[in-house]
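> Counting with the UniProt record's numbering, you get residues 1 to 270 for the letters of the sequence shown. One structure is given below, represented as structure tokens, and several questions about it will come after.
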Amino acid sequence: MTTYLGIDLAWAARAKTGMAALDADGRLVASTSVVTDDEIAAFVATHTSGTVVAAIDAPLIVPNATGSRMAEQLVSREFGPYNAGAYPSNRSRPLFDPPRAETLCRRFGWDPDPATPPGQDRSVAIEVYPHPAMVVLFALSTVLPYKARRGRDVDGLRTAFVSLLDHLERACDEPLRLTTSPRWAEIRVAVTSAGRIVDLDRVEDEVDAVLCAYLAWLWGTGSPMMRVVGDVDSGYIVVPGSPSVAPLRPRRQGAWMPQASTGKPGKPLR
């Protein structure tokens, strides 16, 4: 039996992490937000059985001392015009020395090598990134602006968040069965009735984790959509194919590519 996990992992154990679990048929059986590694472990222990296929939204393999990983550069080159570029990670930043995702994989015995076939009595984990996944799965010309940023008010965020829920139900209801999930119904009520940005923030990581769980299911069931950008040696990100629509802002020749600094990090898209 295989369980599929989605983890929208906070880079440090002081912010919220979204968790979602699917059963062997891909049905959403649990989702929530946690904070500590022990709380993550408790969710894993409660909601998994047999082998695990986990999709983690956080840097997993970070061998580079400075700069950015090649996978991040490639994802930014392809998805940057959709406002879905990847934030750079490197070992000069304490958050990634080691990455929290790597530590958790060691703790749970998950193999992070994308060359390891899932579902053969060995639990695996892959790194994913929801924004490019949404661009592909939902045929978007730019990312949905559902995350709190300067200049975005609660009405605009709520509208974008409802759109995200609608897209997830259209694209992922089979096999997740979101429309019959009691917890998903609670999430939808929380979003549609949100009067403050903090009300949306309470479920944002959880919803991202549900999408990650869907990506885990695609990976675990051998979907040909899933494409590895990078490799296990230099780091990688798995995306569900390539964009099918033109970006809202086409990439200019010589467009900016992300490079990390050793200074204070900015706020990541993730």
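From the three backbone atoms N, C-alpha and C, an ideal C-beta is built for every residue, glycine too.
(1) Going by C-alpha to C-alpha distance, which of 176, 10, 203 sits closest to residue 189?
(2) From residue 24 to residue 123, what does the alpha carbon distance come to, in whole angstroms?
(3) Got a sec, what are the start and stop residues for the alpha helix (DSSP H) residue 104 sits in?
(4) Near residue 14, what residues of its chain come up, given a Cβ to Cβ distance below 6 Å and the 5 sequence neighbours on each side ignored?
(5) Alpha carbons only, please: which of 3, 9, 32, 18 is nearest the one belonging to residue 182?
(6) Can you name the start and end residues of the beta strand (DSSP E) that residue 30 belongs to?
(7) Ignore the nearest five residues each way along the sequence and tell me which others in residue 134's own chain have a CB closer than 8 Å to its CB.
(8) Please classify residue 186: is it buried, with 16 or more other beta-carbons within 10 angstroms of its beta-carbon, or exposed?
(9) Check whether the region 43-52 and the region 2-20 are in contact - that is, three or more C-beta pairs closer than 8 Å.
(10) Please go through the same chain and pick out, in chain order, the residues whose beta-carbon is closer than 7 Å to the beta-carbon of residue 218, but skip the five residues on each side of it.
(11) Please tell me whether residue 99 and residue 75 are closer than 7 Å, where the distance is taken between their beta carbons.
(12) Assuming residue 126 is part of the beta strand (DSSP E), what are its boundary residues?
(13) Taking DSSP's pairing of strands, which residues face residue 96 in a bridge?
(14) In terms of residue numbering, what span does the beta strand (DSSP E) encompassing residue 61 cover?
(15) Three-state secondary structure (DSSP) at residue 136?
(16) Nearest-angstrom Cα distance between residue 64 and residue 193?
(17) Flag residue 115 as yes if its beta-carbon sits less than 7 Å from any beta-carbon of chain D, otherwise no.
(18) By DSSP's criteria, residue 5 is part of a beta bridge. Which residues make up the other side?
(19) Leaving out five residues before and five after residue 101 in sequence, what residues of the same chain have Cβ atoms less than 6 Å from its Cβ?
(20) Residue 205 by DSSP, collapsed to three states: which one?
The relevant details are as follows:
(1) 203
(2) 14 Å
(3) 100-108
(4) none
(5) 32
(6) 28-34
(7) 84, 140, 143, 144, 164, 167, 211
(8) Taking a 10 Å sphere around the C-beta of residue 186, we find fewer than 16 other C-beta atoms and assign the residue as exposed.
(9) yes
(10) Result list for residue 218: 225, 226, 240, in chain order.
(11) no
(12) 124-127
(13) According to DSSP, residue 96 bridges with 99.
(14) Neither: residue 61 is in no beta strand (DSSP E) and is coded neither H nor E.
(15) helix
(16) 44 Å
(17) In summary, chain D is missing from the structure at hand, where a single protein chain is found.
(18) 21, 54
(19) 9, 56, 58, 60
(20) helix
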